[in-house]
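This report concerns only the one structure given below.
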Amino acid sequence: EVQLVESGGGLVQPGRSLRLSCTASGFTFGDYAMSWVRQAPGKGLEWVGFIRSKAYGGTTEYAASVKGRFTISRDDSKSIAYLQMNSLKTEDTAVYYCTRDQSHGYYDILTGYLPLGYFDLWGRGTLVTVSS
Amino acid sequence: DIVMTQTPLSLSVTPGQPASISCKSSQSLLHSDGKTYLYWYLQKPGQSPQLLIYEVSSRFSGVPDRFSGSGSGTDFTLKISRVEAEDVGVYYCMQGIHRGTFGQGTKVEIK
Numbered sequence: 046e047v048q049l050v051e052s053g054g055g056l057v058q059p060g061r062s063l064r065l066s067c068t069a070s071g072f073t074f075g076d077y078a079m080s081w082v083r084q085a086p087g088k089g090l091e092w093v094g095f096i097r098s099k100a101y102g103g104t105t106e107y108a109a110s111v112k113g114r115f116t117i118s119r120d121d122s123k124s125i126a127y128l129q130m131n132s133l134k135t136e137d138t139a140v141y142y143c144t145r146d147q148s149h150g151y152y153d154i155l156t157g158y159l160p161l162g163y164f165d166l167w168g169r170g171t172l173v174t175v176s177s
Numbered sequence: 007d008i009v010m011t012q013t014p015l016s017l018s019v020t021p022g023q024p025a026s027i028s029c030k031s032s033q034s035l036l037h038s039d040g041k042t043y044l045y046w047y048l049q050k051p052g053q054s055p056q057l058l059i060y061e062v063s064s065r066f067s068g069v070p071d072r073f074s075g076s077g078s079g080t081d082f083t084l085k086i087s088r089v090e091a092e093d094v095g096v097y098y099c100m101q102g103i104h105r106g107t108f109g110q111g112t113k114v115e116i117k
């Protein structure tokens with residue numbers, strides 16, 4: 046079965062760290078970019094960041110709200126993507142979704158933008174609560 | 007950052023009637039590769055989001071043909087030709103040309 050399963054969520058104090066995992070199955074994980082998306086309680090969706098496949102350099106990009114605090118990595122041999130979250134804040138409280146990202150584009154020749162693909166597969170999410 | 011603005015934020019629709027959601031971006035979503043990186047997602051109650059439309063107007067596999075997307079540059083629209091009970095949920099547009107930004111979401115309910 047083609048699926049993504051997130052794990053590692055829980056309650057953590059402000060300023061501490063947490064690492065989320067996203068385990069993929071049913072497809073060739075290494076061929077795809079992976080994005081993380083979060084949703085604060087009762088709020089809308091927020092893109093967190095992505096990592097491209099090794100074929101596209103394994104490039105990472107992040108939302109401004111998490112840049113410098115969060116790091117995305119991948120282990121293609123285990124079909125797992127990670128989201129390392131440091132210096133957590135109360136506003137990071139959310140359900141974190143892992144998604145398969147159909148990103149195959151290149152940098153825009155004028156703007157330098159690197160496009161995301163569409164997210165065609167989502168996990169069920171894992172809840173991260175940052176509170177003292 | 008690119009800002010995505012959806013209207014309306016909520017919609018109450020009689021089954022069988024059409025519905026339309028507008029999405030405007032603060033910058034053009036047209037890439038030099040010729041693609042426009044605008045997507046539509048639906049989050050049904052209690053579920054993870056699911057992809058409906060990619061690159062403005064391409065329906066994802068399994069999405070009913072009553073859903074259609076249109077637009078260009080900075081102005082986009084999602085239309086449901088005849089709303090059904092299973093279409094309830096929150097609809098989000100998202101730009102993918104530079105990092106990622108979702109619209110605020112449009113909650114669709116059945117009258």
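Just so you know, the protein sequences line up as chains A and B, in that order.
Each residue of the first sequence is one higher than the last, beginning at 46 in the working numbering.
Each residue of the second sequence is one higher than the last, beginning at 7 in the working numbering.
We put the CB at the ideal spot given by N, CA and C, even for glycine.
Remember, predicted model here, so these are calculated numbers, not experimental data.
Note: B/Q56 is bridge-paired with B/L48 in the DSSP secondary-structure output. Approximately 7 Å separates the beta-carbon atoms of B/S28 and B/Q12; this is inside 8 Å, confirming the contact. In terms of Cα proximity to A/R61, the closest of A/G89, A/A69, A/M130 is A/M130. If you ignore the 5 residues before and after A/G71, its C-beta comes within less than 7 Å of the C-beta of E46, V47, Q48, all in its own chain and listed in chain order.
For A/E106, the C-beta contacts it makes with chain B under 7 Å involve R105, in order along the chain. Rounded to whole angstroms, B/V62 and A/E136 show a C-alpha spacing of 32 Å. Against chain A, the CB of B/P55 has a partner CB under 9 Å away; the residue lies at that interface. Of the residues assessed, A/E51 falls on the buried side of the cut-off, its CB having 16 or more other CB atoms within 10 angstroms. From the listed residues A/Q58, A/K99, A/G87, the smallest Cα separation to A/Y77 is found for A/K99.
Cα atoms of B/G22 and B/L44: separation of roughly 27 Å, rounded to the nearest angstrom. Here B/E115 has S18, V94 as same chain residues with Cβ atoms under 6 Å from its own Cβ, once five neighbours each way along the sequence are excluded. Within 8 Å of the CB of B/K41, the CB atoms of chain A belong to G150, P160, in sequence order along the chain.
Residues of chain B with a Cβ closer than 8 Å to the Cβ of A/I154 are, in chain order, S38. Selection A/L63, A/P59, A/A126 evaluated against A/I96 yields A/A126 as nearest (Cα-Cα).
At a cut-off of 9 Å between C-beta atoms, A/A109 counts as an interface residue with respect to chain B. In terms of beta-carbon proximity, A/D165 lines the interface with chain B, with at least one pair separated by less than 9 Å. Classified as buried, B/T42 has 16 or more neighbouring CB atoms from the shown chains inside 10 Å of its CB. Taking the C-beta atoms as reference points, B/W46 is found no nearer than 9 Å to B/L35.
One finds G89 in chain A with Cβ atoms closer than 7 Å to the Cβ of B/G111, taken in chain order.
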